[in-house]
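Engineer: Counted from 1, the sequence shown has number 53 at position 54 by numbering that gives the first Met the number 0; the numbering is strictly sequential. In this text, a Cβ means the ideal position worked out from N, Cα and C, and glycines have one as well. From a predicted model like this one, the values you see are computed outputs, not experimental measurements. The following block contains the structure, expressed as structure tokens.
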Amino acid sequence: MTDSLNQPLRLAFAGTPEFAAQALDATLAAGYEVAMVFTQPDRPAGRGMALQASAVKKRALAANIPVYQPRSLRLDGRYADDAMAAQAAMRAVQMDVMIVAAYGLILPAWVLQWPRLGCINIHASLLPRWRGAAPIHRAIEAGDSQTGICMMQMDEGLDTGGILRQQAIPIHAHHTTASLHDELAVLGGQLLLSTLADLAQGPVIAQAQASEGVCYAHKIEKSESAIDWTLPAEVIARRIRAFDPFPGASCSDGVETLKVWAADVVPEPTGAPPGTWLTSERYPLLVTCGQGALHVKVVQRPGGKRISAAAFVAGLGPHHPLWQRGE
Numbered sequence: 000m001t002d003s004l005n006q007p008l009r010l011a012f013a014g015t016p017e018f019a020a021q022a023l024d025a026t027l028a029a030g031y032e033v034a035m036v037f038t039q040p041d042r043p044a045g046r047g048m049a050l051q052a053s054a055v056k057k058r059a060l061a062a063n064i065p066v067y068q069p070r071s072l073r074l075d076g077r078y079a080d081d082a083m084a085a086q087a088a089m090r091a092v093q094m095d096v097m098i099v100a101a102y103g104l105i106l107p108a109w110v111l112q113w114p115r116l117g118c119i120n121i122h123a124s125l126l127p128r129w130r131g132a133a134p135i136h137r138a139i140e141a142g143d144s145q146t147g148i149c150m151m152q153m154d155e156g157l158d159t160g161g162i163l164r165q166q167a168i169p170i171h172a173h174h175t176t177a178s179l180h181d182e183l184a185v186l187g188g189q190l191l192l193s194t195l196a197d198l199a200q201g202p203v204i205a206q207a208q209a210s211e212g213v214c215y216a217h218k219i220e221k222s223e224s225a226i227d228w229t230l231p232a233e234v235i236a237r238r239i240r241a242f243d244p245f246p247g248a249s250c251s252d253g254v255e256t257l258k259v260w261a262a263d264v265v266p267e268p269t270g271a272p273p274g275t276w277l278t279s280e281r282y283p284l285l286v287t288c289g290q291g292a293l294h295v296k297v298v299q300r301p302g303g304k305r306i307s308a309a310a311f312v313a314g315l316g317p318h319h320p321l322w323q324r325g326e
């Protein structure tokens with residue numbers, strides 16, 4: 000433990016993706032000892048669909064931390080055996096705090112009550128805005144001017160617990176979910192260390208969330224990727240950024256389905272109906288929308304890499320359906 004702490008905190012950690020792994024890295028780098036880690040079971044991934052360990056599991060194993068991967072923590076559910084094994088492991092070690100970051104499993108009351116100081120969650124929004132599974136995506140999609148990290152004292156509700164610490168950062172026009180995620184992951188680790196330092200001094204009273212301004216960040220579905228060109232260009236542009244890297248924003252050029260990864264809003268009307276594809280020296284690929292148009296800048300063909308729209312258009316013949324009708 001670091002000398003700056005009045006007393007050592009006995010920590011457990013629950014998380015799965017890279018966002019959580021960075022918080023685990025920050026905790027270990029600061030000198031905290033993590034007694035046990037909980038993460039999602041290995042999942043098939045890649046072309047071969049081989050089982051892949053989560054980012055958190057990889058970090059934990061590298062640090063020689065015991066890893067537990069229950070499929071559920073519900074003692075009365077389908078995977079009750081997993082939950083009971085996890086409960087036995089937890090009861091064998093008295094914890095002060097469990098750190099939770101993008102774990103992916105609901106924590107029942109018996110887990111929340113296990114650590115002496117409870118469970119604290121690193122949540123990537125300014126609660127109560129964007130409770131739920133996809134706060135980064137939804138903040139960009141909605142056009143929010145800022146987001147941030149909340150350190151939340153967990154309760155049995157969905158992201159309804161009191162706030163221990165929070166910090167806001169601006170959302171810029173260049174932010175995608177990928178780039179904003181990376182900034183928030185770093186901030187989450189920093190705010191976690193500040194919160195742990197607070198807890199080491201003694202119990203901290205969490206501030207209740209506001210009752211107004213509650214939003215729910217629904218999980219991102221693949222079906223949301225299809226671009227509706229009748230929407231305003233500004234709305235489509237935000238979705239393109241929000242759905243990068245997953246699931247991507249997709250459309251048809253009349254032959255195949257393309258992913259659109261970057262586009263700028265062109266507010267001037269073109270006079271063409273929504274979904275019309277145009278090209279000019281200034282705009283190699285311009286698509287009209289319900290309001291304004293989008294200067295498409297980066298696309299991806301099936302099985303290919305991301306390329307500039309100019310390179311894509313240069314490879315099309317003059318009789319390609321792209322130039323015959325809007326999609």
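1) Starting from Ile119, follow its DSSP beta bridges and name the residues at the other end.
2) In terms of DSSP beta bridges, what is Ala292 paired with?
3) Tell me, which residues are paired with Gln51 by DSSP?
4) I need the DSSP call for Lys304, collapsed to helix, strand or coil.
5) Can you tell me whether Phe12 is helix, strand or coil according to DSSP?
6) Spell out a yes or no on whether the segment 41-49 and the segment 201-218 are touching, meaning 3 or more CB-CB pairs, one atom from each, closer than 8 Å.
7) On the DSSP bridge list, what partners appear for Met83?
8) Can you tell me whether Thr15 is buried or exposed, with buried defined as 16 or more other CB within 10 angstroms of its CB?
9) Between which two residues does the beta strand (DSSP E) containing Pro246 stretch?
10) So, for Glu233: in the same chain, excluding its five sequence neighbours on each side, which residues have a beta-carbon less than 6 Å away from its beta-carbon?
11) Please list the terminal residues of the continuous alpha helix (DSSP H) segment that includes Arg189.
12) Are three or more beta carbon pairs between the segment 186-205 and the segment 156-165 nearer than 8 Å?
13) By how many angstroms is the C-alpha of Tyr31 removed from the C-alpha of Arg9?
14) If Met151 and Trp113 are in contact, beta carbons under 8 Å, what's the gap, nearest whole angstrom?
15) Are Ile64 and Val33 closer than 7 Å when you measure CB to CB?
16) Tell me, please, whether the segment 116-123 touches the segment 183-193 by the rule of three or more beta-carbon pairs shorter than 8 Å.
17) Consult DSSP for Gln208 and reduce its assignment to one of helix, strand or coil.
18) Tell me which same chain residues have a C-beta within less than 7 Å of the C-beta of Leu116, skipping the five on either side of it?
19) I'd like to check one pair, Tyr78 with Phe329: are the Cβ atoms closer than 7 Å?
20) Starting from the C-beta of Leu183, find all residues in its chain whose C-beta is less than 8 Å away, skip the five residues before and the five after it, and write them out in chain order.
21) Under 8 Å by Cβ, that's how I've got Leu104 and Ser71 pegged, so tell me the actual separation to the nearest angstrom.
22) For Ile226 and Ile219, which I take to be in contact (beta-carbon distance under 8 Å), what is that distance rounded to the nearest angstrom?
23) Measure the C-alpha to C-alpha separation of Leu106 and Arg237 and round it to an integer number of angstroms.
24) In the DSSP output, what is Phe37 paired with across the bridge?
25) Does Lys221 pass the burial test, meaning 16 or more other C-beta atoms within 10 Å, or should it be called exposed?
26) Is DSSP giving Leu157 helix, strand or coil here?
27) If Val99 sits next to Cys118, beta carbons under 8 Å apart, how far is it from one beta carbon to the other, in whole angstroms?
Structural biologist: Based on what the coordinates show:
1) Ile98, Gln152
2) Val265, Thr287
3) Arg42
4) coil
5) strand
6) no
7) The partner list for Met83 (beta bridge, DSSP) is empty, contrary to what the question assumes.
8) buried
9) Premise fails: Pro246 is in no beta strand (DSSP E) and is neither H nor E.
10) Val264
11) For the sequence presented, residue 189 should be read as Gln rather than Arg. Its alpha helix (DSSP H) spans residues 176-199.
12) yes
13) 8 Å
14) Their Cβ separation, rounded to whole angstroms, is 17 Å, which puts Met151 and Trp113 out of contact at 8 Å.
15) yes
16) yes
17) coil
18) Asp95, Val96, Leu198, Pro202
19) What the structure shows of the chain is the stretch from 0 to 326, and residue 329 is not part of that stretch, so it cannot be assessed.
20) Phe18, Ala123, Ile135, Thr146, Gly147, Ile148, Ile168
21) 7 Å
22) About 15 Å separates the two Cβ atoms, so there is no contact after all.
23) 33 Å
24) Ala13, Tyr67
25) exposed
26) coil
27) 5 Å
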